[in-house]
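Enquirer:
Protein chains: 2
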Amino acid sequence: MNQLIRVNLNDGSIIKEKMENEYLRKGGRALTSAIINGEVEPQCDPLGEDNKLIFAAGLLTGTGVSSSARLSAGAKSPLTGGIKESNSGGIFSQIMVRSGIRALVFEGLPAEETLKVLVIDGNELALEDASYLENKSVFETFQSLKEKYGEKAGIVCIGQAGERKLPAAAILSVDPFGHARAMARGGLGAVMGAKRIKAIVARDNRDVQVEPANAAKLKELRKKFNQMVLEDPRLESRKQYGTAAIMKAMNSLGAMPTRSFRQGSFEHIDNISGEKLHDTIVERKGKGKVSAPCMVGCLISCGNVYPDTRGEAIVSTLQYETIVLLGSNLGMDNLDDIALLNKLCNDYGLDTIETGCVLGILMDVGMIEYGDVEKCVEILKEVASGTPLGRIVGSGAAVTARVFGTIRVPVGRNQGLPAYDPRALKGNGVTYITSPMGGDHTAGNAFGARDKVDPLGKENQVELSKGLQVDCAIVDLLGICLFARTPVAADMGLVADLINNLLGLELNKESIYDLARETLRLEEEFNRKAGLTERRLPEFFYKEKLPPHNTVFDVPQEEIDNLQLG
Amino acid sequence: MNQLIRVNLNDGSIIKEKMENEYLRKGGRALTSAIINGEVEPQCDPLGEDNKLIFAAGLLTGTGVSSSARLSAGAKSPLTGGIKESNSGGIFSQIMVRSGIRALVFEGLPAEETLKVLVIDGNELALEDASYLENKSVFETFQSLKEKYGEKAGIVCIGQAGERKLPAAAILSVDPFGHARAMARGGLGAVMGAKRIKAIVARDNRDVQVEPANAAKLKELRKKFNQMVLEDPRLESRKQYGTAAIMKAMNSLGAMPTRSFRQGSFEHIDNISGEKLHDTIVERKGKGKVSAPCMVGCLISCGNVYPDTRGEAIVSTLQYETIVLLGSNLGMDNLDDIALLNKLCNDYGLDTIETGCVLGILMDVGMIEYGDVEKCVEILKEVASGTPLGRIVGSGAAVTARVFGTIRVPVGRNQGLPAYDPRALKGNGVTYITSPMGGDHTAGNAFGARDKVDPLGKENQVELSKGLQVDCAIVDLLGICLFARTPVAADMGLVADLINNLLGLELNKESIYDLARETLRLEEEFNRKAGLTERRLPEFFYKEKLPPHNTVFDVPQEEIDNLQLG
C-alpha cells in the first residue's frame, strides 16, 4: 500500500492515509505543490502553524531506474514568501518508498521548543525526543542517528541554521557515502526548524517491502530506460567532471558570477575549473573520488569526494553552483578554500548558493576582503553559534543587503541567484522572476539552449524560459535527476509505463505534460494569493553593465508580464 | 515668488522652478505624493538613483496661523516599499517658506560617498562639503551647523542610522529650543543617507522675504483661526500633558502595547502616565518645561522638556507613542529610562516607534530582559557604531523578526506599529493595512472616535478608518498639527481663504477635500504599481488573544479588501 503520512505537531499524532488517485498520480514537486496549494493558507506565516512541510518521493522513485530517487521537500518559503519545492539525492527516498510511504506531511506547531525526530521503521512510525541533538551540526546529527538507528538508515535533517529558523537554512539528506545532499533552496530548513523536527530517519527495515503493480514488466522497462541513460553521449564527461564540466564554458560565456556579480568571468578560472577539480582529486588519491553516486543505483555518478592534500575527504560533492558562488563570486582562487566553505555550509545546514550571495554582498560592502577565506570561515561559524552577524548571514541575500544598505542585491523574488548572471544568460533572468520558485536555475536553465537562443539577446528568452520551466517541472515531479532526463525527453511514453507498472496507474505521455503544467498553474495560483507576483530583477541588473559583454538585463518587461505558465 | 528647488545629485546642479498652479495648489503630503507618483518609477530601489526625496511646506505654512509649519518629507520608503510621507514640527519650514521656497526635491545619486549639506541663504543655494559631519550624531550635527551658519538657522539632518541607510532611520529637524523633532516613519532618513545629504540648513536671512498675496486680509483671517485654536476645550490639557494626556485612557482601553504586544495594559501605568510626566517636570524644575512649542507661533505648545534629577534636560519632547513603545512595550517602569532611550534614538537618528518595536522583539525572543535599560542603551549605541546587531536594530521590526526567527512581528505593511494594538482598537488595525502609509497612527487614528465606534467590535471599523484617513490627509497637506485641526474641521472655507490670500490661489472648501482624496488615490496608484497591495496584519494578531479583553483582530477581510480610498 502506498501511503501518505500526516504528522500533526499540535498533538503529536501520526495518521496514515492510503493515497488515492488524486495524490498518487502526483509525485515530487507535483505532490508537494498540490498539497500546499490545496491545504495551506497562502497568506500564512511560513514559520507559523498553518504552514505545512511536505516530503514526497518522485513518481519514478521505486521503479529502480537510474537517478530516480530524488526527494522533494515543499512548503511556503520563508525566503520568497511563495510556494517552494527543493529536491536532492540521498538514500532516504528509496527507503521511505520501500516502506510503503510516498509522502510525509508535517502540520501544525508543537507547544514546546523541544526537538523531535520522526523515525520510520518499516510499518512503525514514532516521534521521538531529539533534545540530545540540539545545536548539533548536520554531520554530528548523521553520526549520532546512525549510531542509534543503524549505519544504513536514511536520514534527513537540519543543522544549526534550520534550528534557528533562518531563511537560508537547507534540509540535508545523507548519501551512500555518509556525505550530505541538500534540499537547499528557499529556506525549507527554517520551516523544519519552526516545526521543531531536527531529523527524519528511515531505518533500513527489509521486513516491509511494497511490491510494484507489475514487477516483471517493470524490470523490462527499467532495462530499456537505463540503457538510454548509458548511451547518453554526455555520460563520460558527467562521470569525470560532474556539474563542474560546464565551468570553462560558462566563464567563456561571460555569465559566471564573479566578485559579487560585478564580472561575468574570472581570471583564475583554470584554478577552479572542472578539469582542475578532476585532476586534483585524481592526484591526491586517498579518500578522494570522482564518479561518486548520490543515490543507490545511479548509473551516471556525477558526484565526487574532494580530498585535502593528505587525502582526507573535505566535502562531497563539490558542484558547479557552489564552486561559483563560494568561489569566483568571492574571489577565491583555489578549490581547497571553496571545499572548506562548502563543507561548513553543509555542516551548519546552509544553502551554498544563498550563502555565497550573502558573503559576496559582505565583500562588496567592504566587510570582508575578496578571497579572505579565514574571515568567511569565522562568519560561517557565527551562523552556527547564532551571533547577530551569523543570523544576518543565515537570513539570506535580500536581508543582508538591506541590513548593510546596498542596492546590489543578487536575488530573484528574494532568493539568492544561482551561478548564471541574468545579464549574460538572459533566459535565466526570465526564469528567476517568473518561476514560482524564484531565483532558481533548476526551475528552467537556459544554458543548455545557448546555441539555439543567443544568451545576450532580448529575443525569444521568454518563450525559451517557459518551455524549460515545463521540462523542469516534469523532472521535479518524476524525482529524476536532470542529468538523466535524456530518456525522459526521448520517450515520455516509457516514463508513463514505468510509473503505471509501479503504482498501478493509467498515465500516458500527455498526462505527464498535463501534470507539469497543472503544477505550474497551482503554484502560480498559490503565489498570487500569497502576494508574490512581482516579476522584476533588482534594479542594478537593469543599470550596471556586466563585463566582459557589458550587457544589462533588457528582456522586454511586457513580454515577461504576459508570460503564462501552466 | 514661490519656488520648487531641484537638487540633482548626479551632477550637483541646483535648479529653481517657479511653482505653477498644479504643484502650488498642493502642499505637504499632497505635494510630496504627487511628485513621487508623477516622477518616481514605482518599482525603483528606494536607495537607488531613481528615488526622489522631497521636502514640502504645508499649504498653511506662511499664513502664520498657529501650529501650521509642519514640514513634510516624502519618498518611496525603504521600509514599506511604498510611497511615504512623514512630517514634523521644527523651525525649518517657516524659514524655507520665507526664503520663497515651498519644496525641495533631491534627485539622483552622487558618484562619491562624501556627505554634503545643502545650504539655503536667502536666494542663494549651495551644496557644500559635509565630510566633517561624517558619523556625527544629530545633536553634534545641530551644534556644528549652528556654529557655522548661525544659532537661528533651520536644520534638517540625519544621524548615524541615516548615514548607514538603515530603514528605521528618521530625519530630524531642529526646534526653537535646539531639540530635535522627527520626520520619523518609513525610513526616509535612509533615503537621505543614500543620497549622501547629511543636512539641509536654512539660514535665518531676513533680506529675502516673500510677500503674501494679500497681507492685510491674511492677518484678519489668521486672527479668526487662532481664536478658534485658543477656544478649543482640550487646549489646557494639551498644554499641560501633551500627547501623553491619553496614556491612562489608553491603558484603561486595554489597547496600549505592553511587553512586545503581549498585553494591552501595563501594571506600572501610574509611573509613566501623562500626569506623572507633568508632575515630574514641575517638581524637578531646572531646564524642565511643560508647554514647549515645537515651532514658532504655536499657541498650543503641547511639547515638554524632560529633565533629569539635577534639572538638566534629557529629551524634548517625551510623547505618547515613545512612552509606550520604549516604555510599557519594553517593560520599562519609569520615565527616566524612557527619556534616556528617546534621547539616544533622536541623537542617532532613529524612529522611536520602529525602534521600540525592535527592542520589544529582542526582549520577546530573550535577547534582552524586559526593563533592562542598560542593555537597550548598549544596543542603541551599536546602531551608531554600526555593528551587525546595530544594523539589524536599525533595519526595523520586520527584518529583526526574520533574523531572530519569530512570527511575533508587530508591523503593518512592514512598518512597526504605533502605540495602539489593533486587537483592541480595531479601527487602527484597518488603517495600518489599508493606508498607503502602512502601520502609522497619523494616517487615521480611531482613538478619538472610541465613543462612536466600539474599539473592540468588528462593525464600522472600515468606514471609520476611511473617513479618518481623509481627515489625516487634509491635516498632512496643510502642514497643520493634528492638535490644531479643530478650526480646520469647523471651517474649511476659512482654511481655503487663508491659503488663497497667501498664495494667490482660488481654492474653496471642496477643493481641499478633493485634494485629500486625490492624494490618497495617487498614493494607492503608486503602491499598486510598486507591488504594495497586501492588506493583512501579521498572523499573530488574528490568533493570539490580547489581554485584558482577550480579543483578536477580526474585522471582516472582505470589507477591508473592498475599501476604496480617495
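Protein chains in written order, with the numbering used here: chain A, 105 to 670; chain B, 105 to 670. All residues carry an ideal CB built from backbone N, CA and C; glycine is no exception.
#1: How do the region 459-476 of chain B and the region 419-431 of chain B stand: do at least 3 beta-carbon pairs fall below 8 angstroms, yes or no?
#2: Return the chain-ordered list of same chain residues with a C-beta closer than 6 angstroms to the C-beta of residue 359 of chain A, the five sequence neighbours on each side being excluded.
#3: Keeping to the same chain, check which residues put their C-beta closer than 8 angstroms to that of residue 628 of chain A; ignore five residues upstream and five downstream.
#4: Determine whether the beta carbon atoms of residue 165 of chain A and residue 197 of chain A lie at a separation below 7 angstroms.
#5: Are the beta-carbon atoms of residue 548 of chain B and residue 572 of chain B separated by less than 7 angstroms?
#6: In terms of residues, what are the limits of the alpha helix (DSSP H) holding residue 620 of chain B?
#7: Specify the secondary structure class of residue 159 of chain A as computed by DSSP and reduced to three states.
#8: Comparing the C-beta of residue 152 of chain B with each C-beta of chain A, is any distance below 7 angstroms?
#9: Per DSSP, which residues does residue 120 of chain B bridge with? Please list them.
#10: Would a check of beta-carbon distances place residue 499 of chain A closer than 7 angstroms to chain D?
#11: Could you give the DSSP three-state label for residue 370 of chain A: helix, strand or coil?
#12: Going by DSSP in three states, residue 408 of chain B sits in which element: helix, strand or coil?
#13: Tell me which residue opens and which closes the beta strand (DSSP E) that residue 640 of chain B is part of.
#14: Comparing the C-beta of residue 492 of chain A with each C-beta of chain B, is any distance below 7 angstroms?
#15: Which residues does DSSP pair with residue 233 of chain B in a beta bridge?
#16: Going along chain B, which residues have a C-beta under 8 angstroms from residue 508 of chain A?
#17: Closer than 7 angstroms, CB to CB, is residue 649 of chain B near chain A or not?
#18: Is any heavy atom of the ligand MN found at a distance shorter than 6 angstroms from the C-beta of residue 467 of chain B?
#19: Excluding the 5 residues flanking residue 143 of chain A on each side, which residues of the same chain have their C-beta closer than 7 angstroms to its C-beta?
#20: Below 7 angstroms between beta carbons is the criterion; list the residues of the region 268-279 of chain B that meet it against any residue of chain A, in chain order.
#21: Within the chosen definition, does the region 266-277 of chain A reach the region 402-410 of chain A through at least 3 CB pairs nearer than 8 angstroms?
#22: Give a yes or no on whether the C-beta atoms belonging to residue 504 of chain B and residue 465 of chain B are separated by under 7 angstroms.
#23: Kindly indicate which three-state DSSP category residue 357 of chain B falls into: helix, strand or coil?
#24: Taking the beta carbon of residue 286 of chain A as the centre, do at least 16 other beta carbons fall within 10 Å, making it buried, or is it exposed?
#25: Compare the Cα-Cα distances from residue 149 of chain A to each of A/186, A/313 and A/536 and report the closest residue.
#26: Looking at the strands, I want to know which residues DSSP matches up with residue 287 of chain A.
#27: Looking only at DSSP bridge pairs, what is residue 260 of chain A linked to?
#28: So, are the CB atoms of residue 184 of chain A and residue 519 of chain A less than 7 angstroms apart?
#29: Cβ closer than 8 angstroms: which chain A residues qualify as neighbours of residue 656 of chain B?
#30: Pairing CB atoms from the region 374-389 of chain B with CB atoms from the region 412-420 of chain B, are three or more of them under 8 angstroms?
#31: To the nearest angstrom, how far is it from the Cα of residue 260 of chain A to the Cα of residue 646 of chain A?
#32: Does DSSP put residue 508 of chain B in a helix, in a strand, or in coil?
#33: If residue 272 of chain A sits next to residue 454 of chain A, beta carbons under 8 angstroms apart, how far is it from one beta carbon to the other, in whole angstroms?
#34: In whole angstroms, what separates the C-alpha of residue 220 of chain A from that of residue 510 of chain B?
#35: Whole angstroms is fine: what's the gap from residue 445 of chain A's alpha carbon to residue 456 of chain A's?
#36: Between the beta-carbon of residue 215 of chain B and the beta-carbon of residue 135 of chain B, is there less than 7 angstroms?
Expert: Looking at the coordinates:
#1: The region 459-476 of chain B vs the region 419-431 of chain B: in contact.
#2: In the first sequence, counting from the first residue as 1, residue 359 of chain A sits at position 255. So the qualifying residues of the chain are 368, 524, 525, 528 and 529.
#3: Taking the first sequence and counting its residues from 1, the one referred to as residue 628 of chain A is at position 524. Answer for residue 628 of chain A: 540, 669 and 670, listed in chain order.
#4: By one-based count along the first sequence, residue 165 of chain A stands at place 61. By one-based count along the first sequence, residue 197 of chain A stands at place 93. Less than 7 angstroms divides the Cβ of residue 165 of chain A from the Cβ of residue 197 of chain A.
#5: Position 444 of the second sequence, counted from the first residue, corresponds to residue 548 of chain B. Position 468 of the second sequence, counted from the first residue, corresponds to residue 572 of chain B. In contact: residue 548 of chain B and residue 572 of chain B (Cβ atoms closer than 7 angstroms).
#6: The residue you call residue 620 of chain B lines up with position 516 of the second sequence. Element bounds for residue 620 of chain B: 613-634.
#7: On the first sequence, residue 159 of chain A is found 55 positions in, with the first residue counted as 1. Residue 159 of chain A sits in a strand when the DSSP states are folded into three classes.
#8: Within the second sequence, residue 152 of chain B is the residue found at index 48, counting from 1. Residue 152 of chain B counts as touching chain A.
#9: As a first step, residue 120 of chain B is located in the second sequence; it is residue number 16 there, counting from the start. As a beta-bridge residue in DSSP terms, residue 120 of chain B pairs with B/109.
#10: The question asks about chain D, but that chain is absent: this structure's protein chains are A and B.
#11: In the first sequence, the residue the question calls residue 370 of chain A occupies position 266. Looking at residue 370 of chain A - three-state DSSP - the assignment turns out to be coil, as it is neither helix nor strand.
#12: Here residue 408 of chain B is taken as the residue at index 304 of the second sequence, counted from 1. Here DSSP, grouped into helix, strand and coil, assigns residue 408 of chain B to strand.
#13: Indexing the second sequence from 1 puts residue 640 of chain B at position 536. Annotation: residue 640 of chain B is outside any beta strand (DSSP E) and is labelled neither H nor E by DSSP.
#14: Against the first sequence, residue 492 of chain A aligns to sequence position 388. It does: the Cβ of residue 492 of chain A has a partner Cβ on chain B nearer than 7 angstroms.
#15: On the second sequence, position 129 is the one that residue 233 of chain B refers to. Beta-bridge pairing links residue 233 of chain B to B/220.
#16: Against the first sequence, residue 508 of chain A aligns to sequence position 404. Neighbours of residue 508 of chain A on chain B, chain order: 495.
#17: By one-based count along the second sequence, residue 649 of chain B stands at place 545. With respect to chain A, the C-beta atom of residue 649 of chain B has no partner C-beta closer than 7 angstroms.
#18: No copy of the ligand MN appears in this structure; indeed no ligand is present at all.
#19: The residue given as residue 143 of chain A occupies position 39 in the first sequence. Cβ within range, chain order: 156.
#20: Cβ contacts with chain A come from 268, 269, 270 and 271.
#21: Too few Cβ pairs lie closer than 8 angstroms, so no.
#22: By 1-based counting over the second sequence, the position of residue 504 of chain B is 400. By 1-based counting over the second sequence, the position of residue 465 of chain B is 361. For the pair residue 504 of chain B and residue 465 of chain B, the CB atoms are nearer than the 7 angstroms cut-off.
#23: In the second sequence, counting from the first residue as 1, residue 357 of chain B sits at position 253. Taken through DSSP and simplified to helix, strand or coil, residue 357 of chain B comes out as helix.
#24: Taking the first sequence and counting its residues from 1, one reaches residue 286 of chain A at position 182. Counting C-beta atoms within 10 angstroms of its own C-beta, residue 286 of chain A has 16 or more neighbours from the protein chains shown and is therefore classed as buried.
#25: Numbered from 1 along the first sequence, position 45 holds the residue referred to as residue 149 of chain A. Taking only the C-alpha atoms, the option nearest residue 149 of chain A is A/186.
#26: Position 183 of the first sequence holds residue 287 of chain A. DSSP lists A/275 as partners of residue 287 of chain A.
#27: What you label residue 260 of chain A is simply residue 156 of the first sequence in a count that begins at 1. Residue 260 of chain A pairs with A/277 and A/304.
#28: Within the first sequence, the letter at position 80 stands for residue 184 of chain A. Within the first sequence, the letter at position 415 stands for residue 519 of chain A. Closer than 7 angstroms, so yes.
#29: Residue mapping note: residue 656 of chain B aligns to position 552 of the second sequence, counting from 1. For residue 656 of chain B, none of the residues of chain A pass the 8 angstroms Cβ criterion, the least Cβ distance being about 14 angstroms.
#30: Proximity of the region 374-389 of chain B to the region 412-420 of chain B meets the contact definition, three or more beta-carbon pairs being nearer than 8 angstroms.
#31: For the purposes of this step, residue 260 of chain A is taken as residue 156 along the first sequence, with counting starting at 1. For the purposes of this step, residue 646 of chain A is taken as residue 542 along the first sequence, with counting starting at 1. Each residue's Cα considered, the two are about 40 angstroms apart.
#32: Start at 1 with the first residue of the second sequence, and residue 508 of chain B comes out as number 404. In the three-state reduction of the DSSP assignment, residue 508 of chain B falls in the coil class, being assigned neither a helical nor a strand state.
#33: Indexing the first sequence from 1 puts residue 272 of chain A at position 168. Indexing the first sequence from 1 puts residue 454 of chain A at position 350. With 8 angstroms as the limit, residue 272 of chain A and residue 454 of chain A qualify as a contact, their Cβ atoms being about 6 angstroms apart.
#34: Counted from its first residue, the first sequence places residue 220 of chain A at position 116. Counted from its first residue, the second sequence places residue 510 of chain B at position 406. It is roughly 19 angstroms from the alpha-carbon of residue 220 of chain A to the alpha-carbon of residue 510 of chain B.
#35: Taking the first sequence and counting its residues from 1, the one referred to as residue 445 of chain A is at position 341. Taking the first sequence and counting its residues from 1, the one referred to as residue 456 of chain A is at position 352. So the two alpha carbons sit approximately 8 angstroms from each other.
#36: For the purposes of this step, residue 215 of chain B is identified with residue 111 of the second sequence, where counting begins at 1. For the purposes of this step, residue 135 of chain B is identified with residue 31 of the second sequence, where counting begins at 1. No Cβ-Cβ contact shorter than 7 angstroms links residue 215 of chain B with residue 135 of chain B.
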